[in-house]
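Engineer:
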Amino acid sequence: MKNRGNMIFAMILALIVIAAVVLMVIFGQKNNDSTDTPAAADKEIKTSSDYSKIDTTGQPMLGDKDAPVTLVEFGDFKCPACKYFDMNIQPELVKKYVDKGELKMYFINTPFHGGESLTGAHAAEAVLKNEPTKYWAFHNALFEAQPNTNTSTTDEWLTSAVVKAAAKKAGVKDITKIVKAAENKTETAAVEKDIELYQTYMINETPTIIVNGKKVSDQLKINAVEKAIEDAKK
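When the letters of the sequence shown are read in order and numbered with our numbering, they come out as residues 276 to 509.
Quick look at the structure:
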């Protein structure tokens with residue numbers, strides 16, 4: 276009987292301990308939730324589909340600031356389709372519209388494809404901040420460095436050596452500063468601003484092309500982009 280009593284006592288004690296642990300976990304979870312909520316609320320982004328409200332302040336611009344038509348590209352240096360747009364379509368738009376003062380173009384970093392996307396974004400922002408006149412040359416050099424065989428955004432190629440070579444090709448003076456910015460991800464404010472923009476406007480593909488507040492559906496067809504520009508000129 277004594278042994279049986281001890282067993283019952285031990286079982287009751289075990290149940291009390293388990294109940295106490297459960298209560299502690301629940302209480303702790305509630306505390307965590309109440310602690311996390313304000314931070315999450317602070318980062319909550321109000322989305323919009325009104326592309327005419329895209330804030331291009333501080334973004335790299337190609338063309339005359341007073342040009343009547345504005346093209347915004349949400350792009351990623353790791354994106355093969357972005358390379359196609361920037362290497363094939365953009366130069367034609369420059370000749371046909373930008374050089375005539377009819378179009379200005381902006382590029383917003385949209386680092387969808389992991390660490391190397393961020394490497395490219397930080398490097399480009401560092402050039403824009405430190406040697407802004409070299410930005411577009413560096414931008415193009417980085418896209419040119421993307422291997423022609425690159426058909427997947429998971430292919431690894433955007434290394435410090437590539438950033439260094441692109442900076443040299445673009446005529447950047449302080450190449451070391453740009454490489455360090457890429458490696459150490461120093462341009463956090465500028466890159467996070469871009470990320471907030473693509474999240475705000477619910478951008479889900481690169482490149483996304485916006486012309487005077489309207490999204491171009493066939494953005495990799497030059498005729499479609501030119502039509503959007505011509506319509507915006509009317």
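By construction, the Cβ of each residue, glycine as well, lies at the ideal position given by its N, Cα and C atoms.
Examine the Cβ distances between the stretch 469-488 and the stretch 344-362 and report whether three or more of them are shorter than 8 Å.
Structural biologist: The stretch 469-488 is in contact with the stretch 344-362.
Engineer: Against chain C, with Cβ distances strictly below 8 Å, would residue 420 count as a contact?
Structural biologist: Judged by its chain identifiers, the structure shown contains no chain C, having just a single protein chain.
Engineer: I'd like the span of the alpha helix (DSSP H) that includes residue 463, first residue to last.
Structural biologist: Residues 463-475.
Engineer: Can you tell me whether residue 380 is buried or exposed? The criterion is at least 16 other CB atoms within 10 Å of its CB, across all chains shown.
Structural biologist: Classification for residue 380: buried.
Engineer: Would you decide whether residue 411 is buried or exposed? Buried here means 16 or more other CB atoms lie within 10 Å of its CB.
Structural biologist: Residue 411 should be labelled buried.
Engineer: Quick one: measure Cβ to Cβ for residue 320 and residue 348, integer angstroms, because I've assumed they're closer than 8 Å.
Structural biologist: Not really, about 21 Å apart at Cβ, beyond 8 Å.
Engineer: Just how far apart, CA to CA, sit residue 459 and residue 338?
Structural biologist: Each residue's alpha carbon lies about 31 Å from the other.
Engineer: Suppose you measure from the CA of residue 424 to the CA of residue 362; what does that come to, to the nearest Å?
Structural biologist: C-alpha separation (whole angstroms): 15 Å.
Engineer: Between residue 388 and the rest of its own chain, which residues show a CB-CB distance below 8 Å, the 5 nearest in sequence each way excluded?
Structural biologist: Contacts found: 351, 353, 354, 428 and 429.
Engineer: Which residue's Cα is closest to the Cα of residue 499: 394, 365 and 407?
Structural biologist: The candidate whose alpha carbon is nearest that of residue 499 is 365.
Engineer: Is the beta carbon of residue 378 less than 8 Å from the beta carbon of residue 386?
Structural biologist: Against a cut-off of 8 Å, the Cβ pair of residue 386 and residue 378 comes out as no contact.
Engineer: What did DSSP end up calling residue 390 once you bin it into helix, strand or coil?
Structural biologist: Correct three-state label for residue 390: helix.
Engineer: Could you check the C-alpha separation between residue 505 and residue 497 for me, to the nearest Å?
Structural biologist: About 12 Å.
Engineer: Confirm, please, whether the CB-CB distance from residue 486 to residue 346 is below 8 Å.
Structural biologist: Contact: yes.
Engineer: Give the DSSP bridge partners of residue 337, in chain order.
Structural biologist: In the DSSP output, where bridge partners are listed per residue, residue 337 has 380.
Engineer: Look at the alpha carbon of residue 495 and the alpha carbon of residue 455, and state the distance between them as a whole number of angstroms.
Structural biologist: Taking the straight line joining both Cα atoms gives about 33 Å.
Engineer: Within 10 angstroms of the Cβ of residue 471, are there 16 or more other Cβ atoms? Answer buried if so, exposed if not.
Structural biologist: Answer is exposed; the Cβ neighbour count stays below 16.
Engineer: Verify whether the separation of the beta carbon atoms of residue 462 and residue 501 is less than 8 Å.
Structural biologist: It is not a contact, given that the beta carbons lie outside the stated cut-off.
Engineer: Looking at residue 457 and residue 413, is the spacing between their C-beta atoms short of 8 Å?
Structural biologist: Going by C-beta atoms, residue 413 is not nearer than 8 Å to residue 457.
Engineer: Which value, in whole angstroms, describes the spacing of the CA atoms of residue 296 and residue 390?
Structural biologist: Confidence in residue 296 is poor, its pLDDT being 39 and thus under 50, which makes the residue's placement too unreliable to answer from.
Engineer: Given residue 370, which residues of its chain have a CB within under 6 Å of its CB, disregarding the five upstream and five downstream residues?
Structural biologist: Cβ neighbours of residue 370 beyond the five flanking positions: none.
Engineer: How close, in whole Å, do the beta carbons of residue 447 and residue 402 come, if the pair is a contact with beta carbons under 8 Å?
Structural biologist: About 6 Å separates the two Cβ atoms, so the contact holds.
Engineer: Looking at C-alpha atoms only, which residue of 396, 450, 343 and 395 is the closest neighbour of residue 372?
Structural biologist: Comparing Cα-Cα distances from residue 372 to each of 396, 450, 343 and 395, the minimum goes to 343.
Engineer: Just how far apart, CA to CA, sit residue 322 and residue 445?
Structural biologist: For residue 322 and residue 445, the distance between alpha carbons rounds to 36 Å.
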